[in-house]
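A short write-up of the structure that comes next.
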Amino acid sequence: MKILITGASGHLGTRAVEELSIKNEVYAVVRSTPKATKRNVVYQAIDFSSDWSSEVLPNQIDAVIHLAQSRHYREFPQQALEVFDVNLASTAKLLEYASRAGAKRFVLASTGGLHRPSSSVIGEHSQIDPPDGPLAHYFRCKQAAELLTTSYESLMDISILRPFFMYGPGQQADKLIMRLVESIRKDQPIKLTGSDGLIINPIFVDDVVNLLIAILDAPGSRTVITAGPDIVSIRTIAEVIGAQLGRSPIFEKIDGDEGRLIADHRAVEALLGRGLTGFAEGISQLLQ
78 MKILITGASG HLGTRAVEEL SIKNEVYAVV RSTPKATKRN VVYQAIDFSS DWSSEVLPNQ
138 IDAVIHLAQS RHYREFPQQA LEVFDVNLAS TAKLLEYASR AGAKRFVLAS TGGLHRPSSS
198 VIGEHSQIDP PDGPLAHYFR CKQAAELLTT SYESLMDISI LRPFFMYGPG QQADKLIMRL
258 VESIRKDQPI KLTGSDGLII NPIFVDDVVN LLIAILDAPG SRTVITAGPD IVSIRTIAEV
318 IGAQLGRSPI FEKIDGDEGR LIADHRAVEA LLGRGLTGFA EGISQLLQ
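Position 233, counted from 1, in the sequence shown is what this note's numbering calls 310; the numbers after and before it change by one each time, with no gaps.
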């Protein structure tokens, strides 16, 4: 299978390229071509925030996996147009390219941030209501990208992934669990709303990679709520990390409700045909 992967130098993209290139011909779209290349991988440097052309991409492709994400998604309004270009305008161009190049499948990485904290478990048909605040622009670009992508369902199979707090080795330092790791290592206080902080069920990156592989072999269109098996609070996450680092987390209570952002992980397990990585095991691999 000939597969185009965008965001191929990112946390998820790097691991996806490694696994998918074992049995497939992979075209990896990156910001800059790496010095060390891989077998069965053709690299193409594209800056999605520029006026790029799909003419540099292969004439024929079987599947497109769109993982690219703006590095400036927190910088609103200063980088609003860059976030729009990378997360939405690039999606429009890639969909047009995919249909022209004969793609049978298009996979879009969206975000679990389209859902607000809720007392109910979040599923595929739960209301989309991105929270307000500094990330609202980013969330709404992702929401618009989802709507745009589903309009191509008559032309190819569409799969949309909404990852909830993905984590794993090699992740960027600004992500939630990596920030907690850094705080514990530096003996910095971890702020908790309520008694234990936000309650979530994070998913390990390798499970998401395996989900991508499974989706390429699964006909039909779908939206997959992409979450892990273990429900943990910020306090519990910090305690698991602290135990493995041999350090005691420092907590600081602040005003506010602890909140719940728990997502249904059963669709991921059904597509994989097996259970998912437990949180303690995932943290062990992250800290190795």
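For glycine and all other residues, C-beta sits at the position ideal for the given N, C-alpha and C. These numbers come from a predicted model, not from an experiment.
Which residue from I318, G271, Q265, I360 puts its Cα closest to that of I327?
-> The sequence position of residue 327 within the sequence shown is 250, counting from 1. Comparing Cα positions, the closest option is Q265.
T300 (DSSP reduced to helix, strand or coil) = Walking along the sequence shown from the start, residue 300 turns up at place 223. Residue state, collapsed to three classes: strand.
Compute the distance between the beta-carbons of P240 and G189, then report whether it is under 9 angstroms.
-> Numbered from 1 along the sequence shown, position 163 holds the residue referred to as residue 240. Numbered from 1 along the sequence shown, position 112 holds the residue referred to as residue 189. Cβ distance < 9 angstroms, so P240 and G189 count as in contact.
Can you tell me the Cα-Cα spacing of M255 and R262, whole angstroms?
-> Mapped onto the sequence shown, residue 255 falls at position 178. Mapped onto the sequence shown, residue 262 falls at position 185. Approximately 11 angstroms between the Cα atoms of the pair.
DSSP state of R177 mapped onto helix, strand, coil = By one-based count along the sequence shown, residue 177 stands at place 100. Reduced to three states, the DSSP call for R177 is helix.
Taking the continuous beta strand (DSSP E) assigned at H143, which residues delimit it?
-> Numbered from its first residue, the sequence shown carries residue 143 at position 66. It spans 140-143 - the beta strand (DSSP E) in which H143 sits, taken as one unbroken run.
Take the Cβ of V133 as the centre, count every other Cβ of all protein chains shown within 10 Å, and call the residue buried at 16 or more, exposed below.
-> Against the sequence shown, residue 133 aligns to sequence position 56. With fewer than 16 other Cβ atoms within 10 Å, it is exposed.
Look at the alpha carbon of L97 and the alpha carbon of A344, and state the distance between them as a whole number of angstroms.
-> Taking the first residue of the sequence shown as 1, we reach residue 97 at position 20. Taking the first residue of the sequence shown as 1, we reach residue 344 at position 267. Their backbone Cα atoms lie some 21 angstroms apart in a straight line.
With a threshold of 16 other CB atoms inside 10 Å of the CB of G87, please say whether the residue is buried or exposed.
-> As a working mapping, residue 87 is identified with position 10 in the sequence shown. Its Cβ being crowded by 16 or more others within 10 Å, G87 is buried.
In three-state DSSP terms, what is K115?
-> The residue given as residue 115 occupies position 38 in the sequence shown. Looking at K115 - three-state DSSP - the assignment turns out to be coil, as it is neither helix nor strand.
Going by beta carbon distance, what residues of the same chain come within less than 6 angstroms of L338, once the five residues before and after it are set aside?
-> Numbered from its first residue, the sequence shown carries residue 338 at position 261. Counting only Cβ-Cβ distances below 6 angstroms, and skipping sequence neighbours, we find P194, I277.
Mind checking if L349 is an interface residue toward chain B, Cβ cutoff 9 angstroms exclusive?
-> Looking at the structure shown, chain B is missing, and only one protein chain is on hand.
Which of helix, strand or coil does DSSP assign to R351?
-> One-based indexing of the sequence shown puts residue 351 at position 274. Coil at R351, not helix or strand.
Nearest candidate by alpha-carbon position, reference Q155, set N136, K100, P211 | On the sequence shown, residue 155 is found 78 positions in, with the first residue counted as 1. Checking every option, the nearest Cα to that of Q155 belongs to P211.
Sequence ranges, beta strand (DSSP E) only - wholly within the region 245-278, length at least 3 | 267-270
Within its chain, find whatever has a CB closer than 7 angstroms to the CB of R312; leave out the 5 residues flanking it on each side and keep chain order.
-> Translated into the one-based positions of the sequence shown, residue 312 becomes position 235. Excluding residues within five positions, the ones whose Cβ falls inside 7 angstroms are L269, D273, G274, F328.
Buried or exposed: D284, going by 16 or more other Cβ atoms within 10 Å of its Cβ?
-> Position 207 of the sequence shown holds residue 284. Its Cβ being crowded by 16 or more others within 10 Å, D284 is buried.
Contact check, F161 vs A145, beta carbons under 9 angstroms = For the purposes of this step, residue 161 is identified with residue 84 of the sequence shown, where counting begins at 1. For the purposes of this step, residue 145 is identified with residue 68 of the sequence shown, where counting begins at 1. Not closer than 9 angstroms, so no.
Bounding residues of the beta strand (DSSP E) (the contiguous stretch that carries E102) = Working through the sequence shown from its first residue, we reach residue 102 at position 25. Unbroken beta strand (DSSP E) run through E102: 102-107.
Alpha carbon of L232 to alpha carbon of A140, nearest angstrom = Along the sequence shown, read from residue 1 onward, the residue named residue 232 stands at position 155. Along the sequence shown, read from residue 1 onward, the residue named residue 140 stands at position 63. Whole-angstrom Cα-Cα distance: 12 angstroms.
Between R299 and S236, is the Cβ-Cβ spacing less than 9 angstroms?
-> Walking along the sequence shown from the start, residue 299 turns up at place 222. Walking along the sequence shown from the start, residue 236 turns up at place 159. Yes, the Cβ-Cβ distance between R299 and S236 is below 9 angstroms.
Does DSSP put D283 in a helix, in a strand, or in coil?
-> By 1-based counting over the sequence shown, the position of residue 283 is 206. Three-state DSSP puts D283 in a helix.
For H202, does the count of other Cβ atoms within 10 angstroms reach 16, so buried, or fall short, so exposed?
-> As a first step, residue 202 must be located in the sequence shown, where it is residue number 125. Exposed, by the Cβ-count rule.
Would you call the region 345-356 and the region 300-308 touching, i.e. three or more CB-CB distances under 8 angstroms?
-> yes
Spatial neighbours of A186 within its chain, please: CB distance less than 6 angstroms, with the 5 preceding and 5 following residues excluded, ordered by chain position.
-> Along the sequence shown, one-based indexing puts residue 186 at 109. Excluding positions up to five away in sequence, the list reads L144, L238.
For the beta strand (DSSP E) containing F183, list its first residue and its last residue.
-> Along the sequence shown, read from residue 1 onward, the residue named residue 183 stands at position 106. Segment 182-186, the beta strand (DSSP E) holding F183.
Minimum length 3: unbroken beta strand (DSSP E) runs contained in the region 207-247 = 234-240
Hey, out of I138, R92, A213, whose CA is closest to L81's CA?
-> In the sequence shown, the residue the question calls residue 81 occupies position 4. Looking at the Cα atoms, I138 is the closest of the given residues.
Within its chain, find whatever has a CB closer than 7 angstroms to the CB of Y174; leave out the 5 residues flanking it on each side and keep chain order.
-> Here the question's residue 174 lines up with position 97 in the sequence shown. Only S131, L134 meet the Cβ criterion.
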